[in-house]
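For the sequence shown, this note's numbering assigns the number 38 to the initial residue and increments by one for each residue that follows.
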Amino acid sequence: MLRDDLSALWTEPRPPGAPGRVWRDWALLAVSLGGVVLEAALREDVVWRPVAVVFTVWVCVLTLWRRTRPLAVVVLGFGAMMALQTATLVAAPPEPVGLYTGLVVLVLVYALPRWGSGREIVLGSAVILATFALSVLTDRTPAVEQVAGFAFLFLPALIGASVRFRAGARQRQLDRVRSRERERLARELHDTVAHHVSAMVIRAQAGRVVAATDSAAAVEALLGVEEEGARTLEEMRAMVAALRDGGGGAELAPPAGVADLERLVRAPAGRLRVDLRLDGEVDTLPPAVDAAVYRIVQESVTNAMRHAVDATGITVRVTGERHRVRVTVRDDGLRTGRGRDGYGLAGLRERAALLGGRLEAGPGADRGWSVQAELPRGRTDSGAHPGSRR
Numbered sequence: 038m039l040r041d042d043l044s045a046l047w048t049e050p051r052p053p054g055a056p057g058r059v060w061r062d063w064a065l066l067a068v069s070l071g072g073v074v075l076e077a078a079l080r081e082d083v084v085w086r087p088v089a090v091v092f093t094v095w096v097c098v099l100t101l102w103r104r105t106r107p108l109a110v111v112v113l114g115f116g117a118m119m120a121l122q123t124a125t126l127v128a129a130p131p132e133p134v135g136l137y138t139g140l141v142v143l144v145l146v147y148a149l150p151r152w153g154s155g156r157e158i159v160l161g162s163a164v165i166l167a168t169f170a171l172s173v174l175t176d177r178t179p180a181v182e183q184v185a186g187f188a189f190l191f192l193p194a195l196i197g198a199s200v201r202f203r204a205g206a207r208q209r210q211l212d213r214v215r216s217r218e219r220e221r222l223a224r225e226l227h228d229t230v231a232h233h234v235s236a237m238v239i240r241a242q243a244g245r246v247v248a249a250t251d252s253a254a255a256v257e258a259l260l261g262v263e264e265e266g267a268r269t270l271e272e273m274r275a276m277v278a279a280l281r282d283g284g285g286g287a288e289l290a291p292p293a294g295v296a297d298l299e300r301l302v303r304a305p306a307g308r309l310r311v312d313l314r315l316d317g318e319v320d321t322l323p324p325a326v327d328a329a330v331y332r333i334v335q336e337s338v339t340n341a342m343r344h345a346v347d348a349t350g351i352t353v354r355v356t357g358e359r360h361r362v363r364v365t366v367r368d369d370g371l372r373t374g375r376g377r378d379g380y381g382l383a384g385l386r387e388r389a390a391l392l393g394g395r396l397e398a399g400p401g402a403d404r405g406w407s408v409q410a411e412l413p414r415g416r417t418d419s420g421a422h423p424g425s426r427r
């Protein structure tokens with residue numbers, strides 16, 4: 038068991054989405070270098086002042102690469118520290134060499150388990166432990182202080198590992214949400230395609246029956262088959278984009294659509310008044326888009342009911358245009374600075390993207406929260422055949 042755990046740690050990849058340098062990195066560097074300047078100018082007890090300044094500046098600069106090169110910066114930073122400790126062991130200065138600003142090295146300790154791969158974490162931890170062991174030999178501090186120093190050194194590593202675990206857990210949950218949304222969409226599209234194929238079979242059978250006696254009726258039946266086939270191809274393209282391995286065989290049922298929005302917004306459980314307006318052509322949306330519009334409004338209204346502070350109402354607008362349909366849901370509550378999207382909005386973003394559209398959510402211009410989505414009526418803006426509502 039332990040061997041398997043160590044093997045899994047060794048092969049653990051880096052977490053995805055490591056950001057490059059952001060303004061916080063430059064702010065940290067500026068503050069650190071400012072601390073170096075102040076200490077070098079004001080402290081009178083600094084031993085080997087030039088060496089201490091150069092070492093601390095070196096560690097400060099290394100923080101710029103802590104996310105993209107976590108192992109390299111640990112090796113370079115703690116390697117320099119080991120070299121400095123070795124020099125003090127030989128020269129035996131009266132006081133420890135270094136500046137208090139050198140504590141910025143703890144940022145490198147945090148970044149190693151937060152952004153490093155398993156192999157980098159193991160190797161980097163070995164370097165840090167070797168540096169700590171050498172410091173114990175050179176400083177000759179009491180055992181209690183050594184234990185406290187060890188805990189102080191590795192506390193940032195524990196924090197970094199905890200942050201990484203929480204971020205990974207959230208990402209896995211988001212992946213599950215997206216997967217469920219894809220499977221739900223695939224089931225809806227499967228139902229739609231099955232409807233079209235059944236209609237094609239019935240028309241073809243009718244055409245075969247009348248072909249010998251009424252050629253005009255047979256041609257009409259073939260035109261119907263062609264029309265249903267075009268619609269089926271359109272839905273199949275969307276289904277191929279949405280399907281993924283492992284899709285279950287859950288029960289199929291016609292999904293709710295735009296026609297069901299009136300019943301949704303008039304549900305007695307809602308604590309806020311909902312103003313619904315449907316504009317344009319929204320009665321002939323393709324089934325997948327029709328269901329997506331309903332899901333977007335449902336999730337957005339539910340979120341507003343739960344989270345809107347001091348809100349009095351919710352505005353829902355669904356506008357059908359020639360090539361696309363737009364959905365807007367706004368509440369008039371206070372701008373509370375709600376943070377990252379919940380799992381429901383993540384699923385809606387996935388659905389909108391699968392249908393070739395987009396969804397944005399965030400604070401409104403003046404008050405409240407706003408969700409805006411734009412979906413094409415077909416897989417593309419041109420040449421799409423609008424599917425029939427069921």
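Glycine is no exception: its CB is placed at the ideal position from the N, C-alpha and C atoms.
Between Pro130 and Arg58, the alpha-carbon positions lie close to 38 Å from each other.
When Ala389, Ile158, Val338 are compared, the shortest CA-CA separation from Phe191 is found for Ile158.
Residue Thr352 holds the alpha-carbon nearest to the alpha-carbon of Asp312 among Arg103, Val346, Thr352, Val334. Annotation for Leu412: the continuous beta strand (DSSP E) segment containing it runs 406 to 413.
DSSP, read as helix, strand or coil, puts Pro400 in strand. Here the stretch 340 to 350 makes no contact with the stretch 292 to 304; the two share fewer than three CB pairs at distances below 8 Å. Residue pairing of Ile351 in beta bridges, as defined by DSSP: Val311, Asp368. For Leu70, same chain residues with a beta-carbon under 8 Å away, outside a window of 5 residues either side, are Val94, Cys97 in chain order. Judged by pairs of C-beta atoms under 8 Å, the stretch 194 to 210 does not touch the stretch 359 to 366, as fewer than three such pairs exist. Straight-line spacing of the CA atoms in Thr123 and Val84 works out to 15 Å. Collapsing the DSSP output to three states places Gly114 in a helix. Just measuring C-alpha positions, the residue of Val74, Gly54, Trp47 sitting nearest Arg104 is Gly54. Apart from sequence neighbours up to five positions away, the residues of its chain that approach Gly294 with a beta-carbon distance below 8 Å are Leu322, Pro324, Asp327, Ala328, Val330, Tyr331, Arg426, ordered along the chain. Between Phe169 and the set Ala109, Gly116, Gly393, the nearest pair of CA atoms involves Gly116. Nearest neighbour of Trp152 by Cα position, chosen from Pro193, Gly114, Arg106, turns out to be Arg106.
Less than 8 Å divides the Cβ of Leu149 from the Cβ of Val111. Contact annotation: Ser407 and Gly394 have beta-carbon atoms that are not nearer than 8 Å. For Arg61, the enclosing alpha helix (DSSP H) begins and ends at 60 to 79. Shown here for Gln335: same chain residues with a beta carbon closer than 7 Å to its own, the five before and five after excluded, namely Leu301 in chain order. Counting other Cβ atoms within 10 Å of its Cβ, Arg215 reaches 16 or more and is therefore classed as buried.
Ser154 places its beta carbon 8 Å or farther from that of Glu76.
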